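> Have a look at this one before I ask anything.
Laid out in structure tokens, this is it:
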């Protein structure tokens, strides 16, 4: 068998995944945090302020990456969900369900930073702009997936029902998005474009890319840590889990704060 | 085979409903309550009421549909009929479709029949009434079909409560937007038929896809 294929098959086994996640999650957290720190520092102190928006544009270094992530995580969740439903890979159920809370947090961060930015720029905390409305509905979809997963007692049934909902959501999301745009154009003529016609200056871009890459890497770490916790919870009572606690207490303890920090 | 199964299921549902015919008035009663509350909250100024009446009617219909959603598969899941559906020689999706359409005809259709009366309570301009009825006729089956997916997802739970609303509302957004939007466009003198066409297209798609999805959800819930 091909080495890559074999590695992929091995990753589907809970004990192997546990070791893999335990090894890589801290590294991903560390690299993500470093890249994001550099991006934040550049964005806050080095990049010159905007000639129209002053210093308030700097919130985009958090807002834009989390907005991208909120969409991308939903897509990734649907992909995992489809794999979980079609091939019944247990680990993919766990990964799909681990995506949901992270994506919900990214969506919430997007909404909050957007309102904070909107208050000085638009003069209002909230506007029923298509983008804001879609983001809010996306948050409801995430909450629905999380709620469904936790409402059903049997873990596998819960994960598969929530996975089906994630797929329905990803199919309907473009329609929801389109309908909101149509509704907006019907109700009011005024349009607000987030970044206006002004193209972003080249000096503003490198920190943004750093933040985008940083959030992706951090998401990877968070996903592994969350999936690992869920994996251990589901496999509790199995032999390898009980051995895990006895053999390497030091390594387990060092990973615990990391998974809490992601919440 | 499929038609006789559909007929048997529909007749059984209707007979059960006839035994408790008071229940079929519940959605219309609930919509009436919502409308009365809205009217009381908005004040008696008929110009204000006329302006929001189509939107309020749509929301009332949507909420009463949400309320009726729980009864779609609940009793069949409790008495084991759903297991028999899965074992039946006809496709599960077909039975789900028949059940959903029967459910629509017994909960949403009476409400649509009452809509002209409810519209009168809210001072809806008479010119908007055909558009409102058309959008409701196209939109409520769509709501029922989307709701069937949600009801199927939550069928395994003992009490679904607020979760049904949380799952259903994001899916209902396009229907509400196109339904209420087409009436609003009509009221402004614009062409509202675009929204109706979207609803019709969505209905055709949902008639095929929603029963399949709901059947998959039932299989997951009862596995």
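Chains as they are written, first to last, in my numbering: chain A, 2 to 264; chain B, 20 to 242. C-beta atoms are modelled at their ideal positions from N, C-alpha and C, and glycine is treated no differently. Treat the numbers as computed from the prediction; the structure is a model and nothing was measured.
#1: May I ask you to report which of helix, strand or coil DSSP gives residue 205 (chain B)?
#2: Residue 142 (chain A) versus chain B: which residues are under 8 Å apart at the beta carbon?
#3: What residues in the region 154 to 169 of chain A bring their beta carbon closer than 7 Å to a beta carbon of chain B?
#4: Measure the C-alpha to C-alpha separation of residue 151 (chain A) and residue 67 (chain B) and round it to an integer number of angstroms.
#5: Rounding to the nearest angstrom, what Cα-Cα distance links residue 203 (chain A) and residue 95 (chain A) in this structure?
#6: Could you spell out the range, first to last residue, of the alpha helix (DSSP H) harbouring residue 18 (chain A)?
#7: Is residue 130 (chain A) helix, strand or coil when you go by DSSP?
#8: For the alpha helix (DSSP H) that contains residue 38 (chain B), what are its first and last residues?
#9: At a Cβ cut of 7 Å, what residues of the region 187 to 213 of chain B count as close to chain A, listed as they run along the chain?
#10: Which residues in chain B have a C-beta closer than 9 Å to the C-beta of residue 181 (chain A)? List them in chain order.
#11: With DSSP collapsed to three states, give me the class of residue 55 (chain A).
#12: When you compare only the Cα positions, how much space is there between residue 72 (chain A) and residue 126 (chain B)?
#13: Looking only at its own chain, which residues have a Cβ that is under 6 Å from the Cβ of residue 82 (chain A), when we skip the five neighbours before and after it?
#14: Among B:200, B:226, B:138, B:176, which has the Cα closest to the Cα of residue 58 (chain B)?
#15: In this structure, does DSSP put residue 73 (chain A) in helix, strand or coil?
#16: Give me the Cα-Cα distance between residue 199 (chain A) and residue 183 (chain A), rounded to the nearest whole angstrom.
#17: Quick check: the Cα distance between residue 33 (chain B) and residue 147 (chain B), rounded to an integer number of angstroms?
#18: Taking residue 266 (chain A) and residue 67 (chain A) to be in contact with their CB atoms under 8 Å, please state how far apart those CB atoms are, rounded to whole angstroms.
#19: Are there 16 or more other CB atoms within 10 angstroms of the CB of residue 23 (chain B), so buried, or fewer, so exposed?
#20: Name the two residues that bound the continuous alpha helix (DSSP H) containing residue 232 (chain A).
#21: To test your reading of the DSSP string, which unbroken alpha helix (DSSP H) runs of 4 or more residues are found completely within the region 111 to 183 of chain A?
#22: Would you kindly work out how many angstroms separate the C-alpha atoms of residue 192 (chain A) and residue 92 (chain A), rounded to a whole number?
#23: Establish whether the CB of residue 145 (chain A) and some CB of chain B are separated by less than 8 Å.
#24: Rounded to the nearest angstrom, what separates residue 85 (chain A) and residue 160 (chain A) at their Cα positions?
#25: Do residue 163 (chain B) and residue 215 (chain B) have their C-beta atoms within less than 8 Å of each other?
#26: Express the C-alpha separation of residue 173 (chain B) and residue 1 (chain A) in angstroms, rounding to a whole number.
#27: When you compare the region 84 to 102 of chain B with the region 217 to 225 of chain B, are there three or more beta-carbon pairs, one atom per stretch, that lie closer than 8 Å?
#28: Find out if the Cβ-Cβ distance for the pair residue 209 (chain B), residue 101 (chain B) is shorter than 8 Å.
#29: Under 8 Å by Cβ, that's how I've got residue 31 (chain A) and residue 228 (chain A) pegged, so tell me the actual separation to the nearest angstrom.
#30: What is the rounded straight-line gap between the Cα of residue 239 (chain B) and the Cα of residue 38 (chain B)?
#31: Could you check which residue in B:228, B:28, B:128, B:71 has the C-alpha nearest to that of residue 118 (chain B)?
#32: Assuming residue 80 (chain B) contacts residue 159 (chain B) (C-beta within less than 8 Å), just tell me the rounded distance between them.
#33: Flag residue 242 (chain B) as yes if its beta-carbon sits less than 8 Å from any beta-carbon of chain A, otherwise no.
#34: Counting pairs of Cβ atoms below 8 Å between the region 207 to 215 of chain A and the region 33 to 41 of chain A, do you hit three or more?
#35: My guess is that residue 62 (chain A) and residue 101 (chain A) are in contact by the Cβ rule of under 8 Å, so how many angstroms apart are they, rounded?
#36: Spell out whether any CB of chain B is found under 8 Å from the CB atom of residue 177 (chain A).
Once the coordinates are examined:
#1: The three-state reading of DSSP puts residue 205 (chain B) in helix, counting H, G and I together.
#2: The contacting residues are 189.
#3: Residues passing the 7 Å Cβ filter: 158, 161, 162, 165, 166, 169.
#4: Each residue's Cα considered, the two are about 43 Å apart.
#5: Whole-angstrom Cα-Cα distance: 41 Å.
#6: From DSSP, the alpha helix (DSSP H) with residue 18 (chain A) extends over 15 to 42.
#7: If DSSP states are grouped into helix, strand and coil, residue 130 (chain A) belongs with coil.
#8: In the DSSP annotation of this structure, the continuous segment of the alpha helix (DSSP H) that includes residue 38 (chain B) starts and ends at 21 to 38.
#9: Flagged, chain order: 188, 189, 190, 192, 193, 196, 197, 200, 203, 204.
#10: Below the 9 Å Cβ cutoff, chain B contributes 192, 193, 196 as neighbours of residue 181 (chain A), in chain order.
#11: Residue 55 (chain A): strand per DSSP, three-state reduction.
#12: Within the model, the alpha-carbon separation for residue 72 (chain A) versus residue 126 (chain B) is close to 36 Å.
#13: 97, 164, 167, 168.
#14: Among B:200, B:226, B:138, B:176, the Cα nearest to that of residue 58 (chain B) belongs to B:138.
#15: Correct three-state label for residue 73 (chain A): helix.
#16: Model confidence at residue 199 (chain A) stands at a pLDDT of 46, short of 50, so the residue's coordinates are unreliable; what they give is reported in the following sentence. Residue 199 (chain A) and residue 183 (chain A) have their C-alpha atoms some 25 Å from each other.
#17: Their backbone Cα atoms lie some 33 Å apart in a straight line.
#18: Absent from the structure is residue 266 (chain A), since the part of chain A shown begins at 2 and ends at 264.
#19: Under this definition residue 23 (chain B) is an exposed residue.
#20: Residue 232 (chain A): member of the alpha helix (DSSP H) spanning 206 to 236, first to last residue.
#21: Taken in chain order, the complete alpha helix (DSSP H) segments of 4 or more residues contained in the region 111 to 183 of chain A are 131 to 152.
#22: Residue placement at residue 192 (chain A) is flagged as unreliable, the pLDDT there being 44, under the threshold of 50; a coordinate-derived value is accordingly withheld.
#23: Chain B, which has a Cβ nearer than 8 Å to the Cβ of residue 145 (chain A), makes this yes.
#24: C-alpha separation (whole angstroms): 9 Å.
#25: No Cβ-Cβ contact shorter than 8 Å links residue 163 (chain B) with residue 215 (chain B).
#26: The question about residue 1 (chain A) has no answer, for chain A in this structure spans 2 to 264.
#27: Because the criterion of three Cβ pairs below 8 Å is not met, the region 84 to 102 of chain B and the region 217 to 225 of chain B do not touch.
#28: Residue 209 (chain B) is not a Cβ neighbour of residue 101 (chain B), given a cutoff of 8 Å.
#29: Between residue 31 (chain A) and residue 228 (chain A) a beta carbon distance of about 18 Å is seen, past the 8 Å cut, so the two are scored as non-contacting.
#30: Answer to the nearest angstrom: the Cα atoms are 32 Å apart.
#31: Comparing Cα-Cα distances from residue 118 (chain B) to each of B:228, B:28, B:128, B:71, the minimum goes to B:28.
#32: At roughly 7 Å, the Cβ-Cβ gap stays under 8 Å, so residue 80 (chain B) and residue 159 (chain B) are in contact.
#33: Interface annotation, residue 242 (chain B): in contact with chain A, CB-CB separation under 8 Å.
#34: Yes: the two stretches touch, three or more of their Cβ pairs being nearer than 8 Å.
#35: Distance from residue 62 (chain A) to residue 101 (chain A) at the Cβ level is roughly 25 Å; contact not present, criterion being Cβ atoms closer than 8 Å.
#36: Output row for residue 177 (chain A): interface = yes.
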